[in-house]
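In what follows, a single structure is set out as structure tokens and then discussed.
The following block contains the structure:
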């Protein structure tokens, strides 16, 4: 596994632990972060041994969001022509969006374990994950409004499906902080834990449960859920019929049914 500048990646028991590893900078998202996250999730997608991903932050915080030095560098390349400036900025924004699209489109379930700060770009990142869990005292904020911009890498597009339109607007317009318990009450996180260690223990237990299931069944389930965000019910039913016409012929189905009948734990191939 290659060395990364902004991350640490570990693989054990079929679970990839992807750790944002800039604790001295509150895990702010620098240029290395945006490039490496695409490489990491491509590796996750291509590595059959990986059944689930836990995403967390090293040190005291999950992430304080985009590194402001990166924004300053983007401003330095602008010239006098508005049209050309707009083209430069648009390409940069699409490039950043691709980093979190890589998380969203990953074939494997991604579980975010959040403690400390989860601000700005941190919200964009966790919105692209399958599930979110946090400590009770974690601090969240859609912070972009406080630096004079609209969030542009996924929060405003993904969050309404998670917490509802009205609450998303309140948080996006005000930028106010809210803690893990409020995040749980609005449905942003599934469950809260007392401290970072209990959080990781709890999230890894869920990841191990997922990793023990048929990887083809998990893959199909994630794909159908993702597909239904942008399609009608009848489109989704047609898609799952076509998908399962192939997948129901997998050995996993026979393995699962035999294990269930014999009250044993099934073992699935990667």
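Numbering (the UniProt record's numbering), first residue to last: 1 to 270.
Don't be surprised by glycine CBs; every beta carbon is placed ideally from N, CA and C.
Here the structure is a predicted model, which means the values were calculated and not measured.
Beta-carbon spacing of residue i, residue j below 8 angstroms
{"i": "residue 7", "j": "residue 40", "result": "yes"}
{"i": "residue 14", "j": "residue 50", "result": "yes"}
{"i": "residue 153", "j": "residue 130", "result": "no"}
{"i": "residue 210", "j": "residue 218", "result": "yes"}
{"i": "residue 128", "j": "residue 104", "result": "yes"}
{"i": "residue 214", "j": "residue 150", "result": "no"}
{"i": "residue 101", "j": "residue 69", "result": "no"}
{"i": "residue 93", "j": "residue 78", "result": "no"}
{"i": "residue 123", "j": "residue 155", "result": "yes"}
Given residue i as reference, the closest of the options once Cα atoms are compared
{"i": "residue 34", "options": "125, 157, 48 and 57", "result": "125"}
{"i": "residue 146", "options": "121, 254 and 89", "result": "121"}
{"i": "residue 236", "options": "223, 246 and 248", "result": "223"}
{"i": "residue 143", "options": "161, 176, 162 and 115", "result": "176"}
{"i": "residue 250", "options": "269, 73 and 195", "result": "269"}
Same chain, Cβ closer than 6 angstroms to residue i, neighbours up to 5 away in sequence not counted
{"i": "residue 189", "result": "132, 133, 134 and 183"}
{"i": "residue 19", "result": "8, 56 and 58"}
{"i": "residue 12", "result": "none"}
{"i": "residue 67", "result": "28, 29 and 30"}
Paired residues, beta bridge with residue i - DSSP
{"i": "residue 118", "result": "63 and 140"}
{"i": "residue 17", "result": "10 and 54"}
DSSP-derived helix/strand/coil call for residue i
{"i": "residue 274", "result": "It is not possible to answer for residue 274, since the shown part of the chain is limited to 1 through 270."}
{"i": "residue 229", "result": "coil"}
{"i": "residue 149", "result": "coil"}
{"i": "residue 1", "result": "coil"}
{"i": "residue 47", "result": "coil"}
Cβ shell of residue i (< 8 angstroms), same chain only, five flanking positions each side left out
{"i": "residue 181", "result": "136 and 192"}
Residues near residue i in its chain [Cβ-Cβ closer than 7 angstroms; skip 5 each side]
{"i": "residue 247", "result": "216 and 220"}
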